[in-house]
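Numbering-wise (the working numbering), the sequence shown opens with residue 25 and increments by one. Every residue, glycine too, gets a C-beta built ideally from N, C-alpha and C. What follows is a single structure, written as structure tokens, with notes after it.
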Amino acid sequence: MIPFDYQPAENAEGAVATVARAPEATFLGGGTNLVDHMKLGLARPSLLVDVTTLPLDRIETLPDGGVRIGAGVRNSDAAAHPTIRERYPALAEALLSGASGQLRNLATTGGNLLQRTRCVYFQDVTTPCNKREPGSGCSALGGYTRYHAILGASSDCVAVHPSDMAVAMAALDAVVQVTGPGGQRDIPVVDLHRLPGDQPHRDTVLSHGDLITAVDLPPAPASRHSRYRKVRDRASYAFALVSVAAALDIEDGDVRAARVAFGGVSHKPWRARRAEDVLVEGPPTESTFWDAAEAELSDAEPLRGNEFKVPLARNTLVSVLREIVSEQR
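Next up, the structure:
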């Protein structure tokens, strides 16, 4: 057993101050990732500050028509919420694609965003891993690469981010609310996570003591016409080989707005800006879809063992876009 102290939070500011004062302290939400890492010896916090006691478990409509999801909202509750299902179907689908029903009943919005990679080498403390121990090397290079990155990787890390929810939120222009030692700030989901570079141990732009309190989803016509598709090795409880979240706003036969993000291909949810540029201001044709996919994946750098991800990502994107268009006709 690894000893640690436990403290329920009384308010967000107090929880932040407590964690900020202790370098080895961390927040405890649903625990579905943190507790696993403690058991594996990947995390050894001296203090757990339980933020499930805070009133962050609400979903509310904002004055501008957007939606705020509290950081403590359980994944299963967010997936089943009528407003989320109606206005942001891609998010509901992504949430239902993640983990198992039992885990979704415990996992929280904030915790889902901050979960760490499921790279087999990261989770095996007997192997070198730059994300776990900076400077030790990346065992995935030359190793088992089926689940690893084809976009945005570096010579220090080729792991991918495991969240389904974060991919949908990236496509939907979600914004994370953060309370930290320096006060409150907003961070777009697309900017929350980092590419590995030469510091793969830094997953996000957050500092020690920063606490996610909510995620805001802006109102957008395209969000109602959104879909999420996850391709995996088995039908449930498996991480994505490739996933796609996409939204299209079609008016008078042309695409007025496009939002696309990939999962399972990078160290962070991959916002497909090149694909979006190809899609916008033209008719939603089959050839345009293929052009958009090719534009986004032209710089992909697959590893030996995951070359299949490039055509898989291309085909999945085209299929999702085709489905969205067919539903609007």
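Alpha-carbon to alpha-carbon, residue j and residue i
| i | j | result |
| --- | --- | --- |
| P27 | A67 | 12 Å |
| G287 | L265 | 8 Å |
| P152 | C143 | 12 Å |
| G267 | R253 | Residue identity differs from the one stated: residue 267 is Ser in this sequence, not Gly. Rounded to whole angstroms, S267 to R253 spans 6 Å at the Cα level. |
| M189 | L80 | 18 Å |
| I236 | H105 | 21 Å |
| R82 | V91 | 10 Å |
| L78 | G134 | 13 Å |
| D222 | E34 | 38 Å |
| E84 | M193 | 16 Å |
| T76 | L219 | 29 Å |
| F146 | H232 | 21 Å |
| V349 | R256 | 24 Å |
| R128 | G122 | 7 Å |
| C162 | H172 | 12 Å |
| R6 | T150 | The structure shown does not extend to residue 6, since the chain spans only 25 to 353, so no value can be given for it. |
| E325 | D148 | 25 Å |
| A296 | V213 | 14 Å |
| G167 | A262 | 20 Å |
Selected residue, minimal CA-CA separation from residue i, among the options
| i | options | result |
| --- | --- | --- |
| A116 | A198, D101, A296, E48 | D101 |
| P186 | A95, E318, K292 | K292 |
| S178 | G206, D197, H225, V214 | H225 |
| P335 | A319, V349, V239 | A319 |
| D215 | S163, W294, H172 | W294 |
| S124 | D148, R98, S160 | R98 |
| G277 | G54, P308, V342, N330 | P308 |
| D200 | D234, V182, R170 | The sequence shown places Val at residue 200, rather than the Asp named in the question. Of the candidates D234, V182, R170, the one whose C-alpha sits nearest the C-alpha of V200 is D234. |
| L64 | R156, Y171, L137, F263 | R156 |
| T42 | V73, H249, H172 | V73 |
| S160 | R297, T169, D180 | D180 |
| W314 | L345, V59, E331, V149 | L345 |
| G55 | S260, E325, G96, H172 | G96 |
| A131 | A36, G53, L341 | G53 |
| M25 | N154, V59, G176 | V59 |
| T312 | A262, V342, D148 | V342 |
| T340 | C162, R297, A317, Y171 | A317 |
| I274 | R353, Y30, Y112, H61 | R353 |
| N136 | H249, G38, P245, T228 | T228 |
| R111 | P245, Y30, V40, G176 | P245 |
Check whether residue i and residue j have beta carbons under 7 Å apart
| i | j | result |
| --- | --- | --- |
| Q126 | N57 | no |
| L327 | R338 | no |
| A271 | S290 | no |
| V202 | I93 | no |
| I174 | K333 | yes |
| P243 | D88 | yes |
| R258 | A195 | no |
| P32 | T50 | no |
| R251 | E347 | yes |
| R86 | A103 | Position check: residue 86 holds Leu in this sequence, whereas Arg was assumed. No, the Cβ-Cβ distance between L86 and A103 is not below 7 Å. |
| T169 | N330 | yes |
| A269 | A44 | no |
| L71 | A46 | yes |
Any chain D beta carbon closer than 7 Å to residue i
| i | result |
| --- | --- |
| Q31 | The structure shown has no chain D; it contains just one protein chain. |
8 Å contact criterion, which residue i and residue j should meet: CB distance rounded
| i | j | result |
| --- | --- | --- |
| A285 | V191 | 5 Å |
| A281 | V302 | That pair is no contact at about 13 Å. |
| L165 | A198 | Between A198 and L165 the Cβ distance is about 32 Å, and since that is not below 8 Å, they are no contact. |
Strand pairing of residue i, partner residues [DSSP]
| i | result |
| --- | --- |
| H354 | Residue 354 falls outside the range modelled here, since the chain spans only 25 to 353, and no answer is possible. |
| P212 | V199 |
| T132 | R98 |
| Y30 | L72 |
| C181 | S178 |
| V255 | V266 |
| W314 | DSSP lists no partner for W314. |
| A282 | L272 |
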